[in-house]
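Heads up: the structure comes next, in structure tokens.
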Amino acid sequence: MPPHLPNEVLLAIIGVLRNSKSTHERPNGPDYATLSKLCRVSKGFQQVVEPFLYNYVKELNIPSDGLTGFTRFWLRKRLEERQDSADHSPFRRAIGLALYRLKICDADLEGIYLLLLAMLLPEVEVLHFAPNTEMMEFIAEVDRPGPFPRLQQVYAEGVETDWEGCEIGMPARLCEPFLSPTVQIFRGIRVEWLQHIKWRTAERMSLKSVHLANSLCNGTGMSDLLSRCPDLETLSIKWADEYLQHVTEDDFPYYDEIGETLRRYGKNLGELELDCLQGNHYNCDYYRSDEELQQEHVGSLQELTRLKTLRLPLDALLGQEVDDTQSPEEEEHGTELQAPALTLSHVLPSSLEELELMSCSSSEVERLYVRIHDLLATGRMAYLRYISVKGYVGKFQSEVAPLGWNASILEHRYTTQKTLLITRN
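Each residue of the sequence shown is one higher than the one before, starting from 116 at the first, in my numbering.
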């Protein structure tokens with residue numbers, strides 16, 4: 116038996132260990148028995164899993180020596196001896212001060228303490244966690260960072276409900292203890308990045324890829340992320356529409372603020388996805404006029420000179436289309452809503468290779484013909500290989516063959532939606 120199990124095995128087990136108060140997410144009896152046996156045969160795995168295992172044991176009131184043959188006193192002593200070094204002592208002192216200052220009850224004290232000590236384990240390179248918010252609130256209060264020194268990938272899943280029983284996202288600040296300077300990949304589900312995080316270190320992060328699914332991120336959150344990650348290459352955000360109804364006006368993810376942040380901090384991005392799901396983005400609790408919706412757009416991304424792949428709704432990029440016909444009242448007052456002056460050639464960087472526009476309603480089709488034709492006619496998109504439009508309606512009636520391009524409509528087997536695909540000949 117090697118001194119410790121392969122990282123792949125460790126990570127697979129860590130991925131199913133969740134510090135949750137809900138009974139249905141806890142391991143069952145056979146799972147505990149399996150973990151107990153693994154603890155006996157592998158010292159490396161034992162160091163990683165026991166803090167989590169004992170926490171579950173404590174909550175379920177199962178005698179600890181009936182599972183592993185070890186007492187909680189032994190576990191605590193073993194972890195303290197293992198981590199008793201000059202490098203770790205500042206973090207250990209910070210743990211003690213934080214636990215004392217926060218007045219944590221005795222029932223939770225040891226579980227939190229052991230979890231904090233586990234953060235110093237050197238073997239862990241990939242971490243999956245679905246944190247209990249209350250425990251993470253305590254961990255976030257520890258002043259000195261001390262997370263896994265070799266950690267490279269973090270996968271976080273926020274599963275919380277508010278007082279009404281509605282699902283809410285996990286604040287990004289609760290992920291901060293695990294986003295050490297060594298981490299290169301961060302994937303989050305149900306994460307809300309709406310405010311600046313109080314980072315514990317001024318050191319820049321090494322993040323190369325960030326994917327946030329079923330999450331919320333506004334201009335402030337994106338600024339906080341991008342300003343600390345100068346080497347970020349891939350940014351993908353898929354908005355959680357059901358959360359928008361609970362977001363205040365100040366925290367709302369306005370496209371113009373996001374565009375300004377991208378132009379300022381996103382110059383090294385090679386892949387950008389903003390899956391905003393247009394219909395629900397505009398369905399918020401406070402009134403916004405057509406003029407405001409028309410003016411709100413990401414706008415020019417030409418300053419992102421390394422961008423190769425772009426995915427987002429057409430409206431998010433150029434602004435929402437509004438009816439440019441005048442009502443009798445508008446004719447009387449001489450007012451008219453003008454369609455946005457921006458075109459694709461105005462906003463896209465010449466480095467782009469792949470453009471994917473999400474959703475296109477029937478009212479947008481005619482304008483889309485003109486915009487795509489004008490973009491290809493400029494000849495400035497030398498690296499562009501294809502354009503796709505999901506949820507396309509109708510036929511593509513713009514003549515692009517003389518420009519060296521081919522247009523086709525792809526029908527999906529199990530849905531009525533179609534995809535417009537334009538490729539270079």
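From the three backbone atoms N, C-alpha and C, an ideal C-beta is built for every residue, glycine too.
Per-residue DSSP class, three states only, for residue i
| i | result |
| --- | --- |
| D346 | coil |
| A271 | strand |
| L546 | Because the chain here runs from 116 to 540, residue 546 falls outside it and cannot be looked at. |
| G303 | strand |
| Y169 | Note that Y169 scores 48 on pLDDT, short of 50, meaning its location in the model is unreliable; the coordinates nonetheless yield the value given after this. Three-state result, Y169: helix. |
| V515 | coil |
| L341 | helix |
| H488 | helix |
| T534 | strand |
| F244 | strand |
| G336 | helix |
| G548 | Missing from the structure shown is residue 548; the chain here goes from 116 to 540 and no further. |
| T186 | Summary for T186: the model assigns pLDDT 42, below 50, so the residue's position carries little reliability; its value from the coordinates is reported in the next sentence. Three-state DSSP puts T186 in coil, outside helix and strand. |
| N540 | coil |
| T316 | coil |
Sub-8 angstroms separation of residue i and residue j beta-carbons
| i | j | result |
| --- | --- | --- |
| Q417 | V485 | no |
| N333 | I304 | no |
| L422 | L387 | yes |
| F564 | L331 | Here the chain covers residues 116 to 540 and nothing more, so residue 564 does not appear. |
| S466 | L490 | no |
| L327 | W308 | yes |
| G381 | E411 | no |
| C432 | V413 | Here residue 432 is Leu; the residue named in the question, Cys, does not match the sequence. It is a contact, given that the beta carbons lie within the stated cut-off. |
| V306 | M285 | yes |
| L419 | L384 | yes |
| R319 | R343 | yes |
| F244 | L266 | no |
| V504 | T458 | no |
| R495 | E469 | no |
| R528 | E471 | no |
| T335 | Q299 | no |
| E291 | Q268 | no |
Residue i burial status per 10 Å Cβ neighbour count (16 or more: buried)
| i | result |
| --- | --- |
| C220 | exposed |
| A287 | buried |
| A317 | exposed |
| Y370 | buried |
| T363 | exposed |
| T376 | buried |
| Y498 | exposed |
| Y215 | exposed |
| E451 | Reliability of the predicted coordinates at E451 is poor, the pLDDT of 47 falling under 50, and the value obtained from them is presented with this limitation in mind. Exposed, by the Cβ-count rule. |
| L350 | buried |
| A492 | exposed |
| I487 | buried |
| S523 | exposed |
| D273 | First, the residue type needs correcting, since residue 273 is Gly and not Asp in the sequence shown. G273 should be labelled buried. |
| A516 | exposed |
| I537 | buried |
| H139 | Note that H139 scores a pLDDT of 39, beneath 50, so its modelled location is shaky and nothing firm can be said. |
| P345 | exposed |
| G519 | exposed |
| L242 | buried |
| L525 | exposed |
Strand pairing of residue i, partner residues [DSSP]
| i | result |
| --- | --- |
| N383 | According to DSSP, N383 bridges with nothing at all. |
| E469 | T424 and Y501 |
| I524 | L535 |
| P286 | E307 |
| I352 | L327 and L389 |
Residue-level contact to chain C via CB, residue i, 8 angstroms cutoff
| i | result |
| --- | --- |
| L389 | Within the model displayed, chain C is absent; a lone protein chain is all it includes. |
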